[in-house]
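Structure first, commentary second.
Numbering (the UniProt record's numbering), first residue to last: 1 to 412.
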């Protein structure tokens, strides 16, 4: 079973970077390929990094932002629903407050200064977008997101449904992590996302989007740093590819390794994804017209929304151990469900709809899911006899197949 991994996990990075370089179906890395699937996308997410929207000193790159707004407006007028994930608040805030670049590097010691910069920079960033979209006759809405918005399934569904509704109404949702309250990314608590690349991938998957474009400061994924002689752009990503990663831009959190991992996450969630340069804003149209720009990560079969939500987590709130018969049934039947009668033991303190690990009768983990009951309720049922609480309660559904992944299910 492939367990979803945080981008902070060095093991996940190692797996990505150690894959052996190969061509896809014998083609050269630059061979143009059809991209009709992303050209047909009706609901799309665009992510722009700090290096795209801001200059090196933190001031907004107004000409590029204006071009980006025009391109997004054109996409919107062509009938597509568009969502924008935009970094840049901390960089702009650094310029506005006069702080040095070293003062806002993502370290625990700089946490408060980064939050100050986020507070000052987000207002500048959002007001600039609002002014530019208004001039194009478009409306936009600010959406600031924290890690806690992903922890509870109902809260995550409410978030993604709200963002989808904003886009459906013809308004451009402009999304960013709420760095004012998030603080350092080096804490002990597990994180669902560590940068806006991953956030964009999670939202693209969670909102049932058809396409995602991650715009950065290079022209796609290369087999080695693009400034090195002989570097080749990879037209279509394959999991066998390995790349030699260069340094990040120094302006934001994410580097190319982050974008590869985020694009892979989105593709495994059923979203066609392209990593391309945002320095040429015409690439917005090119990507969603299916032209051969950047690197395409082809969408896999889309899991259920609950399975996609589960795939965001490395850690679970607890464990549920089930009988051998239940284990065999879940692995053997794609529509099988789990009932209270299947449970042998429960461990941990979790509420209904929180992610839990599934263990077989020997204690080996084989999946993850969300239960309809909390740990205390399940424990009470296990301790009571069927005569005391009734046969119907013992046969109550605890977890449906679309609310779990088991065995060889591959979500990320």
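Don't be surprised by glycine CBs; every beta carbon is placed ideally from N, CA and C. Small disclaimer: the values here were computed from a predicted structure and weren't measured.
Through-space distance from residue j to residue i, alpha-carbon basis
i: residue 267; j: residue 150; result: 19 Å
i: residue 75; j: residue 115; result: 33 Å
i: residue 212; j: residue 100; result: 33 Å
i: residue 170; j: residue 42; result: 13 Å
i: residue 379; j: residue 368; result: 19 Å
i: residue 283; j: residue 36; result: 16 Å
i: residue 343; j: residue 356; result: 13 Å
i: residue 402; j: residue 336; result: 9 Å
i: residue 137; j: residue 94; result: 31 Å
i: residue 262; j: residue 326; result: 34 Å
i: residue 207; j: residue 143; result: 14 Å
i: residue 148; j: residue 164; result: 19 Å
i: residue 345; j: residue 141; result: 46 Å
i: residue 78; j: residue 66; result: 19 Å
i: residue 25; j: residue 404; result: With a pLDDT of 38 at residue 25, under the threshold of 50, the modelled position of this residue cannot be trusted, and the question is left open.
i: residue 58; j: residue 49; result: 12 Å
i: residue 365; j: residue 309; result: 19 Å
i: residue 40; j: residue 260; result: 23 Å
i: residue 139; j: residue 80; result: 15 Å
i: residue 162; j: residue 230; result: 46 Å
i: residue 31; j: residue 238; result: Model confidence at residue 31 stands at a pLDDT of 48, short of 50, so the residue's coordinates are unreliable; what they give is reported in the following sentence. Computed Cα separation, rounded: 14 Å.
i: residue 363; j: residue 382; result: 18 Å
i: residue 227; j: residue 258; result: 19 Å
i: residue 377; j: residue 180; result: 37 Å
i: residue 98; j: residue 173; result: 29 Å
i: residue 400; j: residue 349; result: 21 Å
i: residue 224; j: residue 69; result: 32 Å
i: residue 240; j: residue 255; result: 20 Å
i: residue 182; j: residue 192; result: 12 Å
i: residue 324; j: residue 311; result: 25 Å
i: residue 106; j: residue 194; result: 11 Å
Cβ pair residue i, residue j closer than 8 Å
i: residue 177; j: residue 196; result: yes
i: residue 64; j: residue 281; result: yes
i: residue 84; j: residue 145; result: no
i: residue 270; j: residue 301; result: yes
i: residue 339; j: residue 396; result: yes
i: residue 406; j: residue 217; result: no
i: residue 122; j: residue 89; result: yes
i: residue 398; j: residue 372; result: yes
i: residue 60; j: residue 104; result: no
i: residue 414; j: residue 332; result: Because the chain here runs from 1 to 412, residue 414 falls outside it and cannot be looked at.
i: residue 358; j: residue 322; result: yes
i: residue 222; j: residue 278; result: no
i: residue 287; j: residue 167; result: no
i: residue 62; j: residue 86; result: no
i: residue 160; j: residue 265; result: no
Distance between beta carbons of residue j and residue i, contact taken as under 8 Å
i: residue 200; j: residue 47; result: 4 Å
i: residue 274; j: residue 38; result: 7 Å
i: residue 120; j: residue 155; result: Between residue 155 and residue 120 the Cβ distance is about 28 Å, and since that is not below 8 Å, they are no contact.
i: residue 307; j: residue 71; result: Contact flag wrong, Cβ pair sits at about 33 Å.
i: residue 204; j: residue 45; result: 4 Å
i: residue 272; j: residue 210; result: 7 Å
Per DSSP, the bridge partner or partners of residue i
i: residue 358; result: 320, 367
i: residue 117; result: BP columns for residue 117 are empty, so no partner.
i: residue 405; result: 368
i: residue 291; result: DSSP lists no partner for residue 291.
i: residue 272; result: 211
i: residue 164; result: Looking at the DSSP assignment, residue 164 forms no beta bridge with any residue, so it has no partner.
i: residue 297; result: 273
i: residue 140; result: 172
i: residue 216; result: 277
i: residue 193; result: In the DSSP output, where bridge partners are listed per residue, residue 193 has none listed.
i: residue 43; result: 81
i: residue 257; result: Residue 257 pairs with nothing; no bridge assigned.
i: residue 338; result: 399
Report task. Report yes or no: do the region 229-236 and the region 288-307 share at least 3 C-beta pairs separated by less than 8 Å? Result -> yes
Query - Inter-stretch contact at 8 Å, needing at least 3 Cβ pairs: the region 315-322 / the region 111-126 - result: no
Query raised in the report: Counting Cβ pairs, one atom from each stretch, are 3 or more of them under 8 Å apart for the region 94-111 and the region 130-137?
Result: Contact fails: fewer than three Cβ-Cβ distances are below 8 Å.
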